[in-house]
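Notes to accompany the following structure.
Protein chains: 2
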Amino acid sequence: MPTQTAIILLSGGLDSATSLAIAKSQGYACYALSFDYGQRHRIELEAANKVANHLGVIEHKLINLNLDSIGGSALTDTDINVPITGVSTKEIPITYVPARNTVFLSLALAWAEVLSVSNLFIGVNAVDYSGYPDCRPEFITAYEKMANLATKAGVEGHPFKIHTPLIDLSKAEIIKKGLDLGVDYSLTVSCYQPDKTYACGVCDACRLRAEGFRALGVNDPTQYIS
Amino acid sequence: MPTQTAIILLSGGLDSATSLAIAKSQGYACYALSFDYGQRHRIELEAANKVANHLGVIEHKLINLNLDSIGGSALTDTDINVPITGVSTKEIPITYVPARNTVFLSLALAWAEVLSVSNLFIGVNAVDYSGYPDCRPEFITAYEKMANLATKAGVEGHPFKIHTPLIDLSKAEIIKKGLDLGVDYSLTVSCYQPDKTYACGVCDACRLRAEGFRALGVNDPTQYIS
Chain A
110 MPTQTAIILL SGGLDSATSL AIAKSQGYAC YALSFDYGQR HRIELEAANK VANHLGVIEH
170 KLINLNLDSI GGSALTDTDI NVPITGVSTK EIPITYVPAR NTVFLSLALA WAEVLSVSNL
230 FIGVNAVDYS GYPDCRPEFI TAYEKMANLA TKAGVEGHPF KIHTPLIDLS KAEIIKKGLD
290 LGVDYSLTVS CYQPDKTYAC GVCDACRLRA EGFRALGVND PTQYIS
Chain B
110 MPTQTAIILL SGGLDSATSL AIAKSQGYAC YALSFDYGQR HRIELEAANK VANHLGVIEH
170 KLINLNLDSI GGSALTDTDI NVPITGVSTK EIPITYVPAR NTVFLSLALA WAEVLSVSNL
230 FIGVNAVDYS GYPDCRPEFI TAYEKMANLA TKAGVEGHPF KIHTPLIDLS KAEIIKKGLD
290 LGVDYSLTVS CYQPDKTYAC GVCDACRLRA EGFRALGVND PTQYIS
């Protein structure tokens, strides 16, 4: 039986690195896809590159996409500040990038169709997460259905499967799984506003990451500013 | 009641120009969105600009997207020839661009969310069309459902509506509707491989367009090479 192949959305953060490690552990030969979308934390792309090299992929593709020309998020519009964690409300936070996972999955789908790859991995998580609507299981289910109506492969009986191996895990469980699989988390960047090698320590992404390491009782390799 | 707003996917072709004219006739104030995606027929972007000026829009945004780095279509890979019409089979043709409408709608969705616009218009057609899977009503229905799970607006009770005013019309009916609404089709470009101002006359897009004008019995303003 030939090796199964998969495309992994790789941001350079902790979750997507774990997602890649899980895909590999399940026997998939992996392609990695990253986006330069005008994000404030563009340094994560260097991290994505390091993670791809560390874990090993067939190809790591970078797509340029000027989402900053659309704006509407603290991550793509430098006039909007990244909120300090702890002042969160029930509302979807301003770090939400409109339709980001929809856009990213769509481009992954396009590449998957060209490569004849049927498996897509995305490291969304609906437990220790920021409340983004496009990280929920119902979104993923609807996306998969749409994808199989949208594409030649779907219509011709080669359906796409969207894998979300982290969706039900806590951040601590994600980290434990990654460590078990040999992920070097010092290569990853979660912070929304890192200063070169240092994470801010006060944004939502930093908080969730730090709490995950703390809950697991293992050393957090992240270098914080303070 | 405030004016309703809409985003129109505007390619520079006959269908999307008609779609914009219909949206305007229904009272929508319109934003137009075009993509420079590495298409062979990049000249259509000049046509899109002319159509936007001719019919009038609030803003015409161009998003750059290197789909040619993905390839897999005669429209984005110059090593693949555009087929001559008449040799068509039951298969989806090589001019199909993998997941194109999925990608385009996703970026329209992102912009719509930032603008607080709930209406998207796409000029897909399932009658006189090239057999692309992402032009069918079942795809649009699934896309709309996914979009309302993916987004802050959808979750917060401001659902998106995807309008497909051309989906059930023949090409002749589309042209008739556009002419009734004052569309100047000499500004539009349908050809997949135009040579500056001349259309090839032999590709599928040229064939469908020419047959539409012929069936309606009106003058075709397209300038063909031969």
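First to last, the protein sequences are chains A and B. Okay, so the first sequence: first residue is 110 according to the working numbering, each after it adds one. Okay, so the second sequence: first residue is 110 according to the working numbering, each after it adds one. All C-beta atoms in this analysis are idealised placements derived from N, C-alpha and C, irrespective of residue type, glycine included.
About 12 Å separates the Cβ atoms of A130/A and L296/A, ruling out a contact at the 8 Å cut-off. Annotation: the continuous alpha helix (DSSP H) that includes C315/A extends over 313–325. Excluding its 5 nearest sequence neighbours in each direction, D293/B has C-beta neighbours in its own chain below 7 Å: H163, listed in chain order. A straight line joining the alpha-carbon of L290/A with that of C139/B spans about 51 Å. In the three-state reduction of the DSSP assignment, T114/B falls in the strand class, which pools E and B. Here N210/A is buried. Its C-beta has 16 or more other C-beta atoms within 10 Å.
Taking 8 Å as the upper bound for CB-CB distance, P246/A and A262/A are not in contact here, some 23 Å apart.
For S143/A, there is no enclosing alpha helix (DSSP H); the residue is part of the beta strand (DSSP E) that begins and ends at 138–145. Along the length of the region 187–262 of chain B, whole alpha helix (DSSP H) runs at least 4 residues long occupy 209–224, 246–259, reported in chain order.
When Cβ-Cβ separations below 8 Å define contact, S143/A makes no contact with chain B.
For K305/A, no chain B residue has a Cβ inside 9 Å of its Cβ, as the nearest lies near 28 Å away.
With respect to the C-alpha of K270/A, the residue from F230/A, K286/A, K285/A having the closest C-alpha is F230/A. Close partners of D243/B in chain A (Cβ separation under 7 Å): A259.
Residue environment: K280/A is assigned as buried (16 or more neighbouring CB atoms within 10 Å of its CB, all protein chains considered).
A residue is called buried once 16 or more other Cβ atoms fall within 10 Å of its Cβ, and N257/B is buried on that count. Contact of V191/A with chain B by beta-carbon distance below 7 Å is absent, the smallest such distance being about 17 Å. With a contact defined as Cβ atoms closer than 8 Å, V160/B and G121/B qualify at about 6 Å.
Contacts with chain B at 8 Å (Cβ-Cβ) include E247/A. Listed along the chain, the chain B residues whose CB falls inside 9 Å of the CB of V226/A amount to none; the nearest CB is some 11 Å away. Pairing L142/A with I172/A gives a Cβ-Cβ distance under 8 Å.
By the Cβ test, the region 176–184 of chain A is not in contact with the region 218–233 of chain A, since fewer than three Cβ pairs between them sit closer than 8 Å. Taking the C-beta atoms as reference points, G232/B is found nearer than 8 Å to L118/B. When secondary structure is reduced to three states using DSSP, L275/A falls in the coil class, being assigned neither helix nor strand. In the displayed model, D124/A falls within a helix according to three-state DSSP. Taking every protein chain shown into account, the CB of G326/A has fewer than 16 other CB atoms within 10 angstroms, so this residue is exposed. Judged by DSSP secondary structure, N158/B falls within the alpha helix (DSSP H) whose first and last residues are 153–164. It is roughly 27 Å from the alpha-carbon of T273/B to the alpha-carbon of V191/B. For E282/B, the enclosing alpha helix (DSSP H) has its first and last residue at 280–289.
Rounded to the nearest whole angstrom, the CA to CA distance from N328/B to L288/B is 11 Å.
In the structure shown, A308/B adopts extended strand secondary structure according to DSSP, grouped into three states. Residues of chain A with a Cβ closer than 7 Å to the Cβ of Y252/B are, in chain order, M255. One thing to note: L176/B has its Cβ no nearer than 8 Å to the Cβ of Y205/B.
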